Every structure is written in structure tokens, then in C-alpha cells.
Amino acid sequence: MNALPRAQGPYDGDIYTRIIQSLRDQGYCVVSDFLPTDLIQSLFIDIKKLDNSHFKTAAIGRHDNVLVNRFVRGDRICWVDEDNTSVKSYLDWIESLRLRINRELYLGLFDFECMYAHYPEGAFYKKHYDAFQGESNRKLSVILYLNPAWQHHDGGELVVYDKHDNIIEKVTPTFGKMVIFLSEEFPHEVLATHRSRYSLTGWFRINNTSGITLDPPA
Ligand code: OGA
Ligand code: MN
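At position 195 of the sequence shown (counting the first as 1) the number is 185 in this note's numbering, and the numbers step up by one without a gap.
Now the structure itself:
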């Protein structure tokens, strides 16, 4: 009898286990083999097709204090088109991850929002949290990097800190790498990039409407 083919697609085996274990043990994880390469490739083609006019300068602050400050962040962002085929497929994978995480970690993740981000040469994003305890419904940050042939001297690393400001991980934004972390637990920053740096950045949210106002704007 022939061996069964290895499962394909969103219900594929143990990568989910690895992600969940590392979220459970350390609150974050870095993986490069979650998504199929052709999907990463098509997301990359997609983001490259968007011209500058699709991107807007990202803002900082919350509530009534939203402002653009180039000394804090210089990335430009574009909310994804959920009717786009590759985005749809990405969201299917994300949904499969959401279900597994909820089943095993009881995080109560409810939905997901995501955007393309472009850091032009020289751009950075100073140390920040993606969510403040009790003030946001962003629970888990998910970043997918879309930068073929990224070199060490290209800079643009994501630096992840613990709550005492010790560096715990420096992540090179290489093609297809994904970083997932608890949004309220890890201060992080993007070091100045020396070439155009692309990513697809998103947040799983919990459905907590009581006392929640606006998320930090992207
Ligand atoms: C963000 C962010 C990190 C990265 O968009 O909030 O921190 O590596 N991005 O792009
Ligand atoms: Mn962030």
C-alpha cells in the first residue's frame, strides 16, 4: 500500500505545534516554514504592484492624539484588499492558525486585521508596544517579511525586548520569515533600514468591547 501523501495546505501537521509551543513557552516565535513559498511569492508580487499612492504615512498615538512623527516611525502602510486572491489565501492560513491557537492556548482570538508596510531606505520605528494592557483588543502581532535576498548590511532588523528592556531577539527581515508575539508583552523596534523593506503586518484581536476604545493606529 502506498504511503499517504503528506497533508497539504492549512491543516498540515507539526508547524502549528511548534508555533504553539513557542508561544506557550516564550510568548513569541520566529518561523520560516509556515506558508507555502508560492503564496509568499504572490504576496510579494502584490505589494510590489502597489505604487506609492496606495501607501499612507503611518501615524502614532491613540484617541485624540493621533499624529505623524517621523522621529518615531517612517514606514508607510496600506490596508490589504481582502478580495485579492493571495491575501485571501494568506487569511485562510491565518484563520487555521487562529483556530489552533484558540483550541490550545485559550487566547480567545476573534478576528485579524492586516496591512502591508513599506519602510523606505532610512526608515525605522522606535521602540514601542503594539498594545497596552487593557486598552486595546490587539492580542497577538503577526509579521511576515517580504524581502528577497536580504543581506546583513541591509539593516532593518526587528529588535524584540523583554519588559526589562533586555534584547531577547534580533530578527533579520528575510523573505518568508514570520514573527508572532503577544502584543502587550514585548516592546520592539525596527532599526533603520538601508534598503526598501516590505512586510505584511497584522494583529489578532480579541472581542472585548467593554472599556476598549481605539487601537493604536497603524
Ligand atoms: C509594527 C512593527 C515590526 C516590523 O508595525 O508595529 O513593529 O518588523 N513592525 O516590521
Ligand atoms: Mn510594532
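Glycine included, every Cβ here is placed at the ideal spot set by N, Cα and C.
Predicted, not measured: the structure shown is a model, and the values here were computed from it.
Just checking residue i against ligand 2 - is the residue's beta carbon closer than 7 Å to any of the ligand's heavy atoms?
| i | result |
| --- | --- |
| Asp120 | yes |
| Ser126 | no |
| Ser86 | no |
| His108 | no |
Let's test the definition: count the other Cβ atoms within 10 Å of the Cβ of residue i and tell me whether it reaches 16, buried, or not, exposed.
| i | result |
| --- | --- |
| Phe194 | buried |
| Ile9 | buried |
| Lys39 | exposed |
| Asn127 | buried |
| His108 | buried |
| Asn197 | exposed |
| Leu95 | exposed |
Is any heavy atom in ligand 1 found nearer than 7 Å to the beta carbon of residue i?
| i | result |
| --- | --- |
| Ser186 | no |
Got a sec, what are the start and stop residues for the alpha helix (DSSP H) residue i sits in?
| i | result |
| --- | --- |
| Lys153 | That residue, Lys153, is in no alpha helix (DSSP H); it is neither H nor E in DSSP. |
| Trp69 | Where Trp69 is concerned, there is no enclosing alpha helix (DSSP H), although the beta strand (DSSP E) it sits in stretches over Arg66 to Trp69. |
| Asp82 | Thr75 to Leu95 |
| Lys39 | Thr27 to Lys39 |
| Thr7 | Ile5 to Gln16 |
Output the boundary residues of the beta strand (DSSP E) element that contains residue i.
| i | result |
| --- | --- |
| Glu179 | His178 to Val180 |
| Phe209 | Given that the chain is displayed from residue -9 to residue 208, the structure contains no residue 209 and the question cannot be resolved. |
| Ser186 | Counting along the chain, Ser186 falls outside any beta strand (DSSP E), and DSSP gives it neither H nor E. |
| Arg128 | Arg128 to Tyr135 |
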